[in-house]
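Student: Residues 1 to 663 (full-length UniProt numbering) make up the sequence shown, in order. Idealized CB from N, CA, C, for every residue including glycine.
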Amino acid sequence: MSDHVSGHIDLARLREALDGPWAEVREAHRNHLDGRFLPVYGETGDQARERITRLLHDLPVELGIASGFPTEYGGRSDVGGSIVATEMLAQVDLSLMVKAGVQWGLFGGAVNALGTRRHHDAYLRDIIAGKIFGCFAMTETGHGSDVQQLRTTCEYDPRTQTFDLHTPHEAARKDYIGNAARDGRMAVVFAQLVTGGQGHGVHAWLVPIRDARGNPLPGVTIGDAGPKAGLLGVDNGRLSFDHVTVPRDMLLDRYGQVAEDGTYSSPIENDSRRFFTMLGTLVRGRVSVGGAASAATKSALTIAVRYGDIRRQFGTPDADREVLLNDYLAHQRKLLPALATTYALHFAQAELVAALHEVQGGDGPVDEHRQRELESRAAGLKAAQTWHATRTIQMCREACGGAGYLAENRLPSLKADTDVFTTFEGDNTVLLQLVAKGLLTGHRDDFGSLDGWGRASFVAEQVREMVLERTAARSLIERLISAVPGRDEEVAVTDRGWQLKVFEDRERHLLDGAVRRLRNGAVTKKDRPFDIFNDVQDHVLAVAAAHIDRVTLEAFVAGVEDTADPAVRALLSRVCDLYALGVIEANKGWLLEHGRLTPARSKAITGVVNGLLKELRPQMRTLVEGFAIPEKWLHCAILREEPQRQETMAAHDAAGDPQAVPV
1 MSDHVSGHID LARLREALDG PWAEVREAHR NHLDGRFLPV YGETGDQARE RITRLLHDLP
61 VELGIASGFP TEYGGRSDVG GSIVATEMLA QVDLSLMVKA GVQWGLFGGA VNALGTRRHH
121 DAYLRDIIAG KIFGCFAMTE TGHGSDVQQL RTTCEYDPRT QTFDLHTPHE AARKDYIGNA
181 ARDGRMAVVF AQLVTGGQGH GVHAWLVPIR DARGNPLPGV TIGDAGPKAG LLGVDNGRLS
241 FDHVTVPRDM LLDRYGQVAE DGTYSSPIEN DSRRFFTMLG TLVRGRVSVG GAASAATKSA
301 LTIAVRYGDI RRQFGTPDAD REVLLNDYLA HQRKLLPALA TTYALHFAQA ELVAALHEVQ
361 GGDGPVDEHR QRELESRAAG LKAAQTWHAT RTIQMCREAC GGAGYLAENR LPSLKADTDV
421 FTTFEGDNTV LLQLVAKGLL TGHRDDFGSL DGWGRASFVA EQVREMVLER TAARSLIERL
481 ISAVPGRDEE VAVTDRGWQL KVFEDRERHL LDGAVRRLRN GAVTKKDRPF DIFNDVQDHV
541 LAVAAAHIDR VTLEAFVAGV EDTADPAVRA LLSRVCDLYA LGVIEANKGW LLEHGRLTPA
601 RSKAITGVVN GLLKELRPQM RTLVEGFAIP EKWLHCAILR EEPQRQETMA AHDAAGDPQA
661 VPV
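1) Using the Cβ count rule (16 or more neighbours within 10 Å means buried), how would you classify Y156?
2) With distances taken from CA atoms, which of V79, T494, D549 and A23 is nearest L345?
3) Are the region 58-70 and the region 31-42 touching by the rule of at least three beta carbon pairs closer than 8 Å?
4) For L553, count neighbouring Cβ atoms within 10 angstroms of its own Cβ and tell me buried if that reaches 16, exposed if not.
5) Does the distance from the CB of G64 to the CB of A85 come in under 8 Å?
6) Starting from A85, trace the alpha helix (DSSP H) in both directions and tell me its first and last residue.
7) DSSP three-state call for K174: helix, strand or coil?
8) Closest to L324 by CA distance: which of R519, A389, A399 and H143 is it?
9) Sorted by chain position, which residues of the same chain lie with C-beta nearer than 7 Å to A293's C-beta, five sequence neighbours on each side aside?
10) When the Cα atoms are used, what is the spatial distance from D538 to D46?
11) Which residue or residues does DSSP assign as beta-bridge partners of Q371?
12) With 16 other CB atoms within 10 Å as the buried threshold, where does Y405 fall?
13) Give the straight-line distance between the Cα atoms of R159 and G262, rounded to the nearest whole angstrom.
14) According to DSSP, residue 674 sits in a beta bridge with which residue or residues?
15) Look at the Cβ atom of G115, then the Cβ atom of L252, and state whether they are nearer than 8 Å.
16) Mapping DSSP to helix, strand and coil, what is residue 670?
17) Find the nearest neighbour of V283 within the set R76, A546, G380 and W205, judged by alpha-carbon distance.
18) Using only CA atoms, which one of N215, L206 and R311 lies nearest to R248?
19) Compute the distance between the beta-carbons of L94 and T302, then report whether it is under 8 Å.
20) If L414 and S299 are in contact, beta carbons under 8 Å, what's the gap, nearest whole angstrom?
21) Checking the sheet assignment: what are the DSSP bridge partners for H203?
22) Starting from F533, trace the alpha helix (DSSP H) both ways and give me its first and last residue.
23) Residue 666: which of M186, P412 and Q619 sits nearest, CA to CA?
24) How is Y264 classed by DSSP in three states: helix, strand or coil?
25) Is it buried or exposed, Q103, if we count other Cβ atoms within 10 angstroms and call 16 or more buried?
26) In whole angstroms, give me the CA-to-CA distance for G20 and Q360.
27) Can we say the region 596-607 touches the region 269-289, given the rule of at least three CB pairs closer than 8 Å?
28) Does DSSP put D512 in a helix, a strand or coil?
29) Confirm, please, whether the CB-CB distance from S288 to G68 is below 8 Å.
30) With 16 other CB atoms within 10 Å as the buried threshold, where does H32 fall?
31) For the beta strand (DSSP E) holding V435, just list the boundary residues, first then last.
32) With DSSP as the reference, label F136 as helix, strand or coil.
33) Can you tell me the Cα-Cα spacing of T598 and L592, whole angstroms?
34) Considering just the uninterrupted stretch of the beta strand (DSSP E) at E155, what are its terminal residues?
35) Taking the continuous beta strand (DSSP E) assigned at F163, which residues delimit it?
36) Determine the DSSP secondary structure at V568, reduced to helix, strand or coil.
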């Protein structure tokens, strides 16, 4: 049985456990970002764009927003710090976060990762300083997630030693591009490289798109993406190119070079492997999006939990006062499991950021297997965090009733601004398929592509049973699992080893089943390659979801283990129980069908979960305060009324009036 929560929780120690190794970055944001940086409710799109552009220039340099760049150009070579800075911006204004992410994460990050010394010397300082605003022009109208099949072409002419950049048809138009509609002066454009009549796959060029006055350059057509549901401060636009001339040295040629005579060369011979190596260097964007989604979720939960501690609704026959929302089991069933999942994903994100910093933060060669593993983890966690944000922010909106629908209470903008997160930086459903493919193939060549999944030869050669990859807490997890007795009935459902074993067993069973079905399909459907994969697509998605559940739980367990303060560790342990049992409860059907739970044990889990809710009810406020979101950042009218409501309740309670707070 995990430790029981009792006694006083030192908030400073809880925040210390959550802030992690980049605590200074988090604290710098809390200290420096004042009311100027908060969203303005009710502004027009033009007003929002003007405000966000101005604020981008006002961001204090000490915050380290661009800290991931090399120190010689004005950065700090702090990859992890730059991701954490993005998370903090997301709690202030999501438009500001996305605009900054486009400028320094996507545009500047691509120049840094895909360019060479001459590009860095010429452009990085001005990009970091915000003197050159840029775009990341990858997505096309007809090809979003399937980047390898982009239709834009860039063909080299040795006579002029220039490239011809061209949008061949409407579906090849670059769409949804941040910074394009208003502010971008240059763009990193992804297109199919052609030289000597031969294609060499997708590469990237640094292309000017506007002159000094902001007018489109010859051959460049720029349009506005139009009104959006959220992120009003981000100027999403459309780009098309009509035989635009691009100098040879504007090819970002770290992974592919074109000589003056048109000869192509690359340190990576295989086109597909080269492409995914290039994309792998840009994984920071995906990690940032997942972290930002979780940051917004924390804001929503803080608002909903605090509102539930002051809002009363309905009385009881034996009392003269109405009941606080947070005292209802139904309300606890909404908020506390979502809080537990948010905590779990926080620790999973922290582990991912640390891995990213380690893999990409050094000067030496990158371990290819670790890089592939990192990409898979980033894809899966991005999907988990953004779907959790969408569900939880909507739930928080409902938990606040009519107040949650008012713009002044922040929740509508959080809902609108994060909605697109489930489809940008990779559609979540596609990302989960890529996670599953990485598990089935051991992250070998072509990770990241769904091409060829259905080929019988692919299934025979690639798909095999995998040993489950462990998280950073490998020895701890193995020790806990090995200590579990053989018979489940002898073990409490709050036993950590048992919980870990259930998560691991579910993933392994699903993975083995997917392997068998794919192999069977390769035999029975070898003349229908598409059907081989398509007929097991639901199974493949279940594999990926189970994998992310497991690595998230393992990261949470490691986070609890690393917590020094005994009271905080006990609290986190119970929250971890709630997360683990919540996932098990949600998957009762599968676990019962496959004999992993008896009906009696299944019923017992629901009882234990309800007991955990009762135990954690007094700590709800503590758990959201652990996020350490400054009061002004919440920017929520009903919370500004909180002290007045509490005084009113106390006065009416003293007078015996059940109507402490109007309903």
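Tutor: The relevant details are as follows:
1) For this step, residue 156 is matched to residue 156 along the sequence shown. Flag for Y156 reads buried.
2) Translated into the one-based positions of the sequence shown, residue 345 becomes position 345. For the set V79, T494, D549 and A23, the Cα lying nearest the Cα of L345 is the one of D549.
3) Note that the region 58-70 touches the region 31-42; at least 3 beta-carbon pairs, one per stretch, sit closer than 8 Å.
4) As a first step, residue 553 is located in the sequence shown; it is residue number 553 there, counting from the start. With 16 or more other Cβ atoms within 10 Å, it is buried.
5) Translated into positions along the sequence shown, residue 64 becomes position 64. Translated into positions along the sequence shown, residue 85 becomes position 85. The Cβ atoms of G64 and A85 sit closer than 8 Å to each other.
6) Looking up residue 85 in the sequence shown gives position 85. Looking at the DSSP string, the run of the alpha helix (DSSP H) that includes A85 is V79 to V92.
7) As a working mapping, residue 174 is identified with position 174 in the sequence shown. Three-state result, K174: strand.
8) On the sequence shown, residue 324 is found 324 positions in, with the first residue counted as 1. Considering only alpha carbons, the answer is A399.
9) Working through the sequence shown from its first residue, we reach residue 293 at position 293. These residues qualify, in order along the chain: Q385, T386, A389, T418 and F421.
10) By 1-based counting over the sequence shown, the position of residue 538 is 538. By 1-based counting over the sequence shown, the position of residue 46 is 46. Approximately 43 Å, taken between the alpha carbons.
11) Translated into positions along the sequence shown, residue 371 becomes position 371. Paired residue(s): none; Q371 is not in a bridge.
12) Counted from its first residue, the sequence shown places residue 405 at position 405. Looking at its Cβ environment, which holds fewer than 16 other Cβ atoms inside 10 Å, Y405 is exposed.
13) Against the sequence shown, residue 159 aligns to sequence position 159. Against the sequence shown, residue 262 aligns to sequence position 262. Their backbone Cα atoms lie some 9 Å apart in a straight line.
14) Nothing in the structure corresponds to residue 674, since the chain is present only between 1 and 663.
15) Here residue 115 refers to the residue found at position 115 of the sequence shown. Here residue 252 refers to the residue found at position 252 of the sequence shown. In contact: G115 and L252 (Cβ atoms closer than 8 Å).
16) Residue numbering for the chain in the displayed model covers 1 to 663; residue 670 lies beyond these limits and cannot be assessed.
17) Taking the first residue of the sequence shown as 1, we reach residue 283 at position 283. Between V283 and the set R76, A546, G380 and W205, the nearest pair of CA atoms involves G380.
18) On the sequence shown, residue 248 is found 248 positions in, with the first residue counted as 1. L206 is the residue among N215, L206 and R311 whose C-alpha sits nearest the C-alpha of R248.
19) Counting from one through the sequence shown, the residue named residue 94 turns up at place 94. Counting from one through the sequence shown, the residue named residue 302 turns up at place 302. No. Outside cutoff.
20) For the purposes of this step, residue 414 is taken as residue 414 along the sequence shown, with counting starting at 1. For the purposes of this step, residue 299 is taken as residue 299 along the sequence shown, with counting starting at 1. Taking 8 Å as the upper bound for CB-CB distance, L414 and S299 are in contact here, some 6 Å apart.
21) Along the sequence shown, read from residue 1 onward, the residue named residue 203 stands at position 203. Beta-bridge pairing links H203 to A191.
22) To locate residue 533, count along the sequence shown from 1; it is residue 533. DSSP places F533 inside the alpha helix (DSSP H), whose first and last residues are P529 to N534.
23) One cannot answer for residue 666 here, as it falls past the ends of the chain, which runs 1 to 663.
24) Position 264 of the sequence shown, counted from the start, is the residue given in the question as residue 264. Y264 falls in the strand class under three-state DSSP.
25) The residue given as residue 103 occupies position 103 in the sequence shown. In the assembly as shown, Q103 is a buried residue. Its beta-carbon has 16 or more other beta-carbons within 10 Å.
26) On the sequence shown, position 20 is the one that residue 20 refers to. On the sequence shown, position 360 is the one that residue 360 refers to. Between G20 and Q360, the C-alpha separation is close to 19 Å.
27) Contact fails between the region 596-607 and the region 269-289, because fewer than three Cβ pairs, one in each stretch, are under 8 Å apart.
28) Within the sequence shown, the letter at position 512 stands for residue 512. Three-state result, D512: helix.
29) As a first step, residue 68 must be located in the sequence shown, where it is residue number 68. As a first step, residue 288 must be located in the sequence shown, where it is residue number 288. S288 sits away from G68, with the two beta carbons spaced by 8 Å or more.
30) One-based indexing of the sequence shown puts residue 32 at position 32. With fewer than 16 other Cβ atoms within 10 Å, it is exposed.
31) On the sequence shown, residue 435 is found 435 positions in, with the first residue counted as 1. Element bounds for V435: not the beta strand (DSSP E) but the alpha helix (DSSP H), N428 to T441.
32) Translated into the one-based positions of the sequence shown, residue 136 becomes position 136. Here F136 sits in strand by DSSP.
33) Residue numbering aside, residue 598 sits at position 598 when the sequence shown is read from its first letter. Residue numbering aside, residue 592 sits at position 592 when the sequence shown is read from its first letter. Distance between T598 and L592, taken at the CA atoms: about 6 Å.
34) Residue mapping note: residue 155 aligns to position 155 of the sequence shown, counting from 1. Note, E155: beta strand (DSSP E), T153 to D157.
35) In the sequence shown, counting from the first residue as 1, residue 163 sits at position 163. Note, F163: beta strand (DSSP E), T162 to H166.
36) Numbered from 1 along the sequence shown, position 568 holds the residue referred to as residue 568. Assignment of V568 by DSSP, reduced to helix, strand and coil, places it in the helix class.
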